[in-house]
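Asks: Our numbering puts the sequence shown at residues 204 to 522.
Glycine is no exception: its CB is placed at the ideal position from the N, C-alpha and C atoms.
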Amino acid sequence: MLNGMSVDVEEWFQVGAFERVIAKDDWNDLESRVERNTGEVLDLFAAAGVTATFFTLGWVAERHPALIRRIVGAGHEIASHGWDHRRVFTMTPAEFRADLARSRAALEDAGGVPVTGYRAPSFSIDARTPWAHEILAEESYAYSSSIAPVRHDHYGWREAPRYAFRPVVYAHLIEVPVTVAEIAGRRQATGGGFFRLLPAALTDLAVHQVNRDGQPAMFYFHPWEIDPDQPRVANAPLRSRMRHYSRLGAMAGKLRGLLGRHEWGRVDEAVAALAHLPPPRQRPGPSHDGSPEPDAGPDYRNSAGPRPSPGKAREASVA
Ligand SMILES: [Zn+2]
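Below you can see the structure in the form of structure tokens.
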């Protein structure tokens, strides 16, 4: 079973944990380590013979186009992580559409290949953003991996489906939530900091669980997580510092083990293998006022049709 391996490409200072103590205006003055750290990630993947998807900020692509070319040249997929890590639920629908366009343009300019995948910063598509998937469908994204189906203090949508589903019933867009383990009926997050801080056996368990259900796992981590020498942000809250800086030195070795224990690949390839997902539903006839409908996805805000809900989404998923 081909599982999705992904890297959220951002600088050490572009994480949600530091947003209250590091202003965006100061980003250009801080030490850039993304090229060096992502280079190490590329070496890890090359040694393991694994290709992956790099969900990259447009902000990073604009400043490091050579890095984007290097990722593409090594056979990996470039996908969007938005422009500058603004979480989706803090944007209006129009702002979200503009953020997507700006990021995609920077990534495609740098990489020279089309971008068809998206991951929301901090998994910020949830019950507050019922319009987000519709916009991704309208902008012709093939897939999104923007939901953490678990409850967490900073993010998460506990009621969301655990497995791949079509979030807009008339569109081809597929949402592949990040993998969580299920232990005694409770969901446990596994990627990123959870992989770094908790035993790797927990992630192995999650991968085995979802593969047993015929589903691909979706794993993620960040380049800064393998960088023990990154600058320290002294005035961040203690809890944020504990999470951000713990076990950075052990991460590369832990990843090497994980890469060897399961089958991993690019997310677009793992999504293409989801051939058993039911096709999008046929759109009903012309709308009530006779005006033509947009190509991708109904506009639930202005129609009498059903709003997508977690319950609806679950129907469309294949468990
Ligand atoms: Zn991120």
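Nearest-angstrom Cα distance between Ala367 and Leu233?
Replies: Each residue's alpha carbon lies about 38 Å from the other.
Asks: For His375 and Asp416, what's the separation of their Cα atoms in angstroms?
Replies: Near 22 Å, if we compare the C-alpha coordinates of Asp416 and His375.
Asks: Rank Ala309, Gly242, Arg305 and Tyr321 by C-alpha distance to the C-alpha of Ala264 and give the top, closest one.
Replies: Looking at the Cα atoms, Ala309 is the closest of the given residues.
Asks: Which same chain residues end up closer than 7 Å to Ala409 when comparing Cβ atoms and leaving out the 5 residues on each side of it in sequence?
Replies: So the list reads Thr382, Val383, Ala384, Thr393 and Ala420, once near-sequence residues are dropped.
Asks: Examine ligand 1 and report whether any of its heavy atoms sits within less than 6 Å of the Cβ of Asp211.
Replies: Result yes, Cβ under 6 Å from ligand 1.
Asks: Spatial neighbours of Tyr358 within its chain, please: C-beta separation below 7 Å, excluding the five flanking residues on both sides.
Replies: Cβ neighbours of Tyr358 beyond the five flanking positions: Ser325, Phe326, Ser327 and Ala351.
Asks: Measure the beta-carbon distance from Thr332 to Phe397 and round it to whole angstroms, keeping in mind my assumption that it falls under 8 Å.
Replies: Contact doesn't hold; Cβ gap of about 23 Å is too wide.
Asks: Residues in the same chain with beta-carbon distance under 6 Å from Gly252, minus the five sequence neighbours each way, listed in chain order, please.
Replies: The answer is none, since no qualifying residue turns up.
Asks: Would you kindly work out how many angstroms separate the C-alpha atoms of Glu362 and Ile386, rounded to a whole number?
Replies: Rounded to whole angstroms, Glu362 to Ile386 spans 16 Å at the Cα level.
Asks: For the putative contact between Val212 and Phe258, defined by C-beta atoms under 8 Å, what is the C-beta separation to the nearest angstrom?
Replies: Contact flag correct, Cβ pair sits at about 7 Å.
Asks: Is any non-hydrogen atom of ligand 1 found closer than 6 Å to the C-beta of Pro324, if you look at the structure I gave you?
Replies: Pro324 Cβ: within cutoff of ligand 1.
Asks: Between the Cα of Gly219 and those of Ala250, Tyr373, Ala323 and Glu243, spot the shortest distance and give me the residue it belongs to.
Replies: It is Ala323.
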